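Chains as they are written, first to last, in this note's numbering: chain F, 1 to 296; chain P, 1001 to 1371. Positions of the beta carbon are idealized from the N, C-alpha and C atoms, including for glycine. Please read all numbers here as calculations on a predicted model, not as lab measurements. As structure tokens, the structure follows; a few thoughts come after it.
The following block contains the structure:
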């Protein structure tokens, strides 16, 4: 890219140069606009309460202190429970990891069946599944509450896992179905003649070819389920609540002096895992979204 | 090695009939080529033999065993796909050995079988690579290796050479022929390339719109096509179709060509067609291959009564190197002749040609069938 532009003759006169700097300025302003809340959060979480009271919102911390982070993690009161964010963080992990794995696997299986074993009415079924990804999650609250009650899963982590798997299936099926459409049918025919059955073709051929879309799906599902508040607040009882609900309760239930540094640290704790996942697998995310086809 | 019998096989999708009663029968070790334009049903038929498509009616037998309801993996067939269909996630060795893996053979047995096939196809040095690291020709070999490894009763090829460039296609064609001579396995090969069909087949089945037009050895298909469709599908440039009337001159039967205003030209036939009486005086179509019309040579013509001399204006010359394709005007109809470059004809001038009437075909202009 740079070699391409440097090969061009330099722009003449002041006009283009001013325009270019103007462009950079606008970009910088937008970058600052998006970054500022994060900067304030991070810097506030490392300040002491005194410094917050006396200093300005935007100033960087004079003495970096991790007290607010340890307090938020181990001792902050969520409602009447003063064990910090840690147990709720674990709750979220216990819900998110199985829900992501199960919904991704079933999405892959659905996509495989819908594209490579086209049965009568496959398109209608896909359209109905697709419809699920346009349903607002609020619509599901009442029927889901009834279902969970019927199954005896109300208020448990298993119940929340079920909710997230069901809600996520529409998206994961869509992702895998569109990816598998580009994998040549001849592969399945060849494997059938070679003697592989439905699940052998899936595990030995389709799954190994699915890495890019699998990363996309995992990031998507992880972010969706980790950041979920509505289902967590609706279907999880006190001790089983996910970290997002705990954060809300922590910020809303503090009495006396508002501990902004603890609030900010807790918010960072709740938000970090999705950032980490994206940082680790982000390049596959972009690759998986843009590239799709596998040449046979 | 096996016989293959296809008995009145039909295929329907909804109300559309793709195959309208196919009857073919192969003896042990035959090389059948299914030839036809796209949409003629040849690939559908191949998929039905493979078991990838259901059979709407009729039956297919391999070695007298009806295989209509048999799962593809139990039919003892192997297939090479146009796209090769190599598993991108597996090495060449595992690709070739996959069918044995699925049949539960031990690692040692698989390895020795893979080695044997790799040696046969000269791809031993590629065994550790992934398909993406191979050239088109190498992928083609691996695809054949995957079919060979199980030593099946019938090989199915679905346009295996159409993804290769022209030079490689010719090489691989020869290689497939050598392989067939060596192994002697029964083969069904689908293609739309007439050269592939002519060079490889022991018998060709030419298909059009779900019907077999002719099922015969290549030379017979070429020399005695069953109808005008077959005649025009095989051979390049295509066979000349000359309109005329079946006439008698003395005791000789022949085709009279009427030119606008000019006299009728009589081309005597070498052998009388069947039911000649019924066709006498009727319109017929005379089919002559371009190579049966050559530059007139008195010494050759004197020794062969089947050669008929005609003088025609030369319209266009198209030199191809080995031959010169020549467009001539014969009684108002444009006709293609194949002459030697050494004959040195000139565009726009008259020249003498001779037509080998022993290689002539007669067709019914209405039904387009051979007379």
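Cβ distance (whole Å) where residue i is taken to contact residue j below 8 Å
{"i": "residue 1163(P)", "j": "residue 1082(P)", "result": "6 Å"}
{"i": "residue 1104(P)", "j": "residue 1149(P)", "result": "Their Cβ separation, rounded to whole angstroms, is 15 Å, which puts residue 1104(P) and residue 1149(P) out of contact at 8 Å."}
{"i": "residue 1270(P)", "j": "residue 1358(P)", "result": "4 Å"}
{"i": "residue 1126(P)", "j": "residue 1144(P)", "result": "Wrong, their Cβ atoms sit about 13 Å apart, outside the cutoff."}
{"i": "residue 1073(P)", "j": "residue 192(F)", "result": "7 Å"}
{"i": "residue 1186(P)", "j": "residue 1026(P)", "result": "6 Å"}
{"i": "residue 1201(P)", "j": "residue 1033(P)", "result": "4 Å"}
{"i": "residue 1213(P)", "j": "residue 1230(P)", "result": "5 Å"}
Residue i, enclosing alpha helix (DSSP H) - first and last residue
{"i": "residue 227(F)", "result": "211-227"}
{"i": "residue 130(F)", "result": "122-132"}
{"i": "residue 1194(P)", "result": "1194-1200"}
{"i": "residue 90(F)", "result": "86-116"}
{"i": "residue 62(F)", "result": "Where residue 62(F) is concerned, there is no enclosing alpha helix (DSSP H), given that its DSSP letter is neither H nor E."}
{"i": "residue 199(F)", "result": "198-201"}
{"i": "residue 1333(P)", "result": "Here residue 1333(P) belongs to no alpha helix (DSSP H); instead the beta strand (DSSP E) covers 1333-1339."}
{"i": "residue 232(F)", "result": "230-235"}
{"i": "residue 251(F)", "result": "243-253"}
{"i": "residue 1278(P)", "result": "1276-1279"}
{"i": "residue 53(F)", "result": "49-54"}
Beta carbon proximity, residue i to chain F, threshold 8 Å
{"i": "residue 1087(P)", "result": "yes"}
{"i": "residue 1351(P)", "result": "no"}
{"i": "residue 1103(P)", "result": "yes"}
{"i": "residue 1079(P)", "result": "yes"}
{"i": "residue 1099(P)", "result": "yes"}
{"i": "residue 1083(P)", "result": "yes"}
{"i": "residue 1073(P)", "result": "yes"}
{"i": "residue 1248(P)", "result": "no"}
{"i": "residue 1161(P)", "result": "no"}
{"i": "residue 1050(P)", "result": "yes"}
Delimiting residues of the beta strand (DSSP E) encompassing residue i
{"i": "residue 1008(P)", "result": "1004-1013"}
{"i": "residue 1330(P)", "result": "1324-1330"}
{"i": "residue 1079(P)", "result": "1077-1080"}
{"i": "residue 1073(P)", "result": "Element bounds for residue 1073(P): n/a, residue is neither H nor E."}
{"i": "residue 1020(P)", "result": "1016-1026"}
{"i": "residue 38(F)", "result": "Counting along the chain, residue 38(F) falls outside any beta strand (DSSP E), though it belongs to the alpha helix (DSSP H) covering 15-45."}
{"i": "residue 1248(P)", "result": "1240-1249"}
{"i": "residue 1265(P)", "result": "1265-1268"}
{"i": "residue 1361(P)", "result": "1361-1363"}
{"i": "residue 1344(P)", "result": "No beta strand (DSSP E) holds residue 1344(P); DSSP gives it neither H nor E."}
{"i": "residue 1086(P)", "result": "Segment: none, residue 1086(P) is in no beta strand (DSSP E) and carries neither H nor E."}
{"i": "residue 1257(P)", "result": "1252-1257"}
Residue-level contact to chain P via CB, residue i, 8 Å cutoff
{"i": "residue 192(F)", "result": "yes"}
{"i": "residue 205(F)", "result": "yes"}
{"i": "residue 196(F)", "result": "yes"}
{"i": "residue 67(F)", "result": "no"}
{"i": "residue 35(F)", "result": "no"}
{"i": "residue 292(F)", "result": "Caution applies to residue 292(F), whose pLDDT of 44 falls short of 50 and renders its modelled position unreliable; the value that the coordinates give is listed next. By this cut-off, residue 292(F) is not an interface position."}
{"i": "residue 116(F)", "result": "no"}
{"i": "residue 187(F)", "result": "yes"}
{"i": "residue 212(F)", "result": "no"}
{"i": "residue 184(F)", "result": "yes"}
{"i": "residue 208(F)", "result": "yes"}
{"i": "residue 200(F)", "result": "yes"}
{"i": "residue 296(F)", "result": "Residue placement at residue 296(F) is flagged as unreliable, the pLDDT there being 38, under the threshold of 50; the coordinate-derived value follows with that caveat. Answer yes: the Cβ-Cβ gap between residue 296(F) and chain P drops below 8 Å somewhere."}
{"i": "residue 1(F)", "result": "In this prediction, residue 1(F) has a pLDDT of 44, which is less than 50 and means its spatial position is unreliable; what the coordinates show is noted afterwards. For residue 1(F), the answer is no, since every Cβ of chain P falls outside 8 Å of its Cβ."}
In DSSP terms, what residue i is bridged to
{"i": "residue 1352(P)", "result": "1311(P)"}
{"i": "residue 1140(P)", "result": "The partner list for residue 1140(P) (beta bridge, DSSP) is empty, contrary to what the question assumes."}
{"i": "residue 1186(P)", "result": "1154(P)"}
{"i": "residue 1063(P)", "result": "Note: residue 1063(P) sits in no beta bridge, so no partner."}
{"i": "residue 1208(P)", "result": "1211(P)"}
{"i": "residue 1191(P)", "result": "1035(P)"}
{"i": "residue 1095(P)", "result": "Answer is none; residue 1095(P) lacks a bridge partner."}
{"i": "residue 1369(P)", "result": "1227(P)"}
{"i": "residue 1041(P)", "result": "Residue 1041(P) is not bridged to any residue."}
{"i": "residue 205(F)", "result": "Answer is none; residue 205(F) lacks a bridge partner."}
{"i": "residue 1316(P)", "result": "1327(P)"}
heavy atom of the ligand SAM below 7 Å from residue i C-beta
{"i": "residue 187(F)", "result": "As for the ligand SAM, it is missing from this structure, which has no ligand bound."}
| query | Which full runs of the alpha helix (DSSP H) of 4+ residues lie inside the stretch 1288-1313 of chain P, going along the chain? | reply | Listed in chain order, the alpha helix (DSSP H) elements of length 4 or more contained wholly in the stretch 1288-1313 of chain P are 1298-1303.
| What are the uninterrupted segments assigned as alpha helix (DSSP H) that are 4 or more residues long and contained completely in the stretch 1100-1166 of chain P, given in chain order? | 1107-1121 and 1136-1148
| field | Contiguous alpha helix (DSSP H) assignments of at least 4 residues, all confined to the stretch 128-196 of chain F | value | Entirely contained in the stretch 128-196 of chain F, the alpha helix (DSSP H) runs reaching 4 residues are, in chain order, 141-151, 157-180 and 185-194.
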